[in-house]
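Peer 1:
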Amino acid sequence: MTENTDAIIVEKVKKGDKEAYRHLVMRYQQKLFQTCIGFLQNETDAEDLTQEIFIKAYQKIESFRFQAAFSTWLYRISVNTCVNFLRKQKVKRLLFLDSGNQSKESFGVSEPADSATEREEQRRMLRTALKELTLMQRKVFILSQYRELSNKETAEILEITEKAVESLLFRARVKMQKVIKEKMNSNIAPTGRYQQHRAEPYG
Amino acid sequence: MNCVEFEIQLAKLKSGANPGVEFLEHKSQCPKCMELASRADELYHFIADDAKKTVSPFLSTRIMAELDKKALEVHISIQKAWQIAAVSLALIAGFNLALFMDYRQSPTDADSVLSEYFFAGNAGMEIENNWLKLSTDEE
Ligand SMILES: [Zn+2]
Numbered sequence: 001m002t003e004n005t006d007a008i009i010v011e012k013v014k015k016g017d018k019e020a021y022r023h024l025v026m027r028y029q030q031k032l033f034q035t036c037i038g039f040l041q042n043e044t045d046a047e048d049l050t051q052e053i054f055i056k057a058y059q060k061i062e063s064f065r066f067q068a069a070f071s072t073w074l075y076r077i078s079v080n081t082c083v084n085f086l087r088k089q090k091v092k093r094l095l096f097l098d099s100g101n102q103s104k105e106s107f108g109v110s111e112p113a114d115s116a117t118e119r120e121e122q123r124r125m126l127r128t129a130l131k132e133l134t135l136m137q138r139k140v141f142i143l144s145q146y147r148e149l150s151n152k153e154t155a156e157i158l159e160i161t162e163k164a165v166e167s168l169l170f171r172a173r174v175k176m177q178k179v180i181k182e183k184m185n186s187n188i189a190p191t192g193r194y195q196q197h198r199a200e201p202y203g
Numbered sequence: 001m002n003c004v005e006f007e008i009q010l011a012k013l014k015s016g017a018n019p020g021v022e023f024l025e026h027k028s029q030c031p032k033c034m035e036l037a038s039r040a041d042e043l044y045h046f047i048a049d050d051a052k053k054t055v056s057p058f059l060s061t062r063i064m065a066e067l068d069k070k071a072l073e074v075h076i077s078i079q080k081a082w083q084i085a086a087v088s089l090a091l092i093a094g095f096n097l098a099l100f101m102d103y104r105q106s107p108t109d110a111d112s113v114l115s116e117y118f119f120a121g122n123a124g125m126e127i128e129n130n131w132l133k134l135s136t137d138e139e
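Sequence lines, in order, name chains A and B.
The first sequence maps to residues 1 to 203 in full-length UniProt numbering.
The second sequence maps to residues 1 to 139 in full-length UniProt numbering.
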């Protein structure tokens, strides 16, 4: 049903009805935002990138030939844009243009101190774990965990087989557990659950 | 079930799925695996919470405004391109017209004398010499 209405709206947009595009934005902005959060681990950047993705998709809409669902096409653009963004960030850090300290980003509205520290610790661990993943494992993990897409949907977006998605997801989760185990072994401080670690840049 | 098998099973486990008796037994007997499972669960809950974050209600307005801005920029650049093209065409047309008119126009006496002066050896020199002579004589 959604695919059909998407197709109708896309046709309208292709014919120059820019206002029709608003419906697609409203329909997919939350989903793309979640995907971006997964990749970037930063709410502000995720929102900016969501905007960039929609603008890119609008500019490219003429090239959309209905060979896949519009949502699949949009997710492909999102994944590529996020990966490119992370690459650029990495280059920036290498060139010492950016400190890369993302620990104090705009995640979470004012939380109690303990809860905020715990979340920060979780965030740090998640970033470390994501860094351990290969690019393909990361893509699969984020689409599956942040978007809760099925293996079939993820396979379509990444243009790989469902079996490959299953395998990549398994390996990603094994790596996540490895990072958790490392933290368990090294971070038990005498005064608390975790020692405080310096935030590592993610990307 | 040993710890390695437990970890493999944990990595395969889908949220809400039944892990099986062996898994649960090992978990209750092995403190390390129990902690691992608990922390993995915490991490996946953290991700789920993260994914629940809602986008700003103004994002769609921002996107549409940005599209309008871009469309305007394109419109202006197209307009500018047309203006440049029109001016260039006018210049080329003007230049060609000038050449054409120049070609069509019959040469004046002055032009004839000038071209004769420049291209025909010492033609006209006689006039000049006579004039020079006259002016000398007058002195
Ligand atoms: Zn065990």
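Every residue gets a Cβ at the ideal spot worked out from N, C-alpha and C, and that includes glycine.
Please read these numbers as outputs of a predicted model, since none were measured by experiment.
1) Within 8 Å of any Cβ in chain A, is that where the Cβ of B/ALA11 sits?
2) Use the C-beta contact count for A/LEU158: other C-beta atoms within 10 angstroms, 16 or more gives buried, fewer gives exposed.
3) Where does the unbroken alpha helix (DSSP H) through A/ASN151 begin, and where does it stop?
4) With a CB to CB cut of under 8 Å and the five nearest residues on each side skipped, what residues in its chain are close to A/ARG138?
5) So, is A/ARG65 buried or exposed, given that buried needs 16 or more other C-beta atoms within 10 angstroms?
6) Skipping 5 residues on each side, what residues in its chain have a beta carbon closer than 7 Å to that of A/PHE141?
7) Take every Cβ of the stretch 113–120 of chain A, pair it with every Cβ of the stretch 68–87 of chain A, and state whether three or more of those distances are shorter than 8 Å.
8) Near ligand 2, which residues have their beta-carbon closer than 6 Å to a heavy atom?
9) Please report the straight-line C-alpha distance between A/HIS197 and A/VAL83, rounded to a whole angstrom.
10) Distance, Cα to Cα, B/ALA17 vs B/LEU10?
11) Give me the chain A residues within the contact set of B/LYS53, using Cβ-Cβ distance strictly less than 7 Å, ordered along the chain.
12) Just the chain B side, please: which residues come within less than 8 Å of A/MET136 by C-beta, in chain order?
13) Thinking just about the alpha-carbon of each residue, which of A/PHE33, A/TYR58, A/GLU62 is nearest to the one in A/LEU49?
14) Name the chain B residues whose beta carbon is nearer than 9 Å to that of A/TYR58?
15) Find out if the Cβ-Cβ distance for the pair A/THR154, A/SER144 is shorter than 8 Å.
16) Shorter than 8 Å from the beta carbon of A/TYR146 to some beta carbon of chain B?
17) Give a yes or no on whether 8 Å exceeds the smallest Cβ distance from B/SER56 to chain A.
Peer 2: So, from the data block:
1) yes
2) buried
3) 151–158
4) PHE39, LEU130, ALA172
5) exposed
6) LEU133, LEU169, ALA172
7) no
8) Ligand 2 is not among the ligands present in this structure, which contains only ligand 1.
9) Model confidence at A/HIS197 stands at a pLDDT of 41, short of 50, so the residue's coordinates are unreliable; what they give is reported in the following sentence. Near 26 Å, if we compare the C-alpha coordinates of A/VAL83 and A/HIS197.
10) 11 Å
11) ILE37, GLU43
12) The premise fails here: A/MET136 is roughly 17 Å from chain B at the closest Cβ pair, so nothing lies under 8 Å.
13) A/PHE33
14) ILE63, LEU67, LYS70
15) yes
16) yes
17) yes
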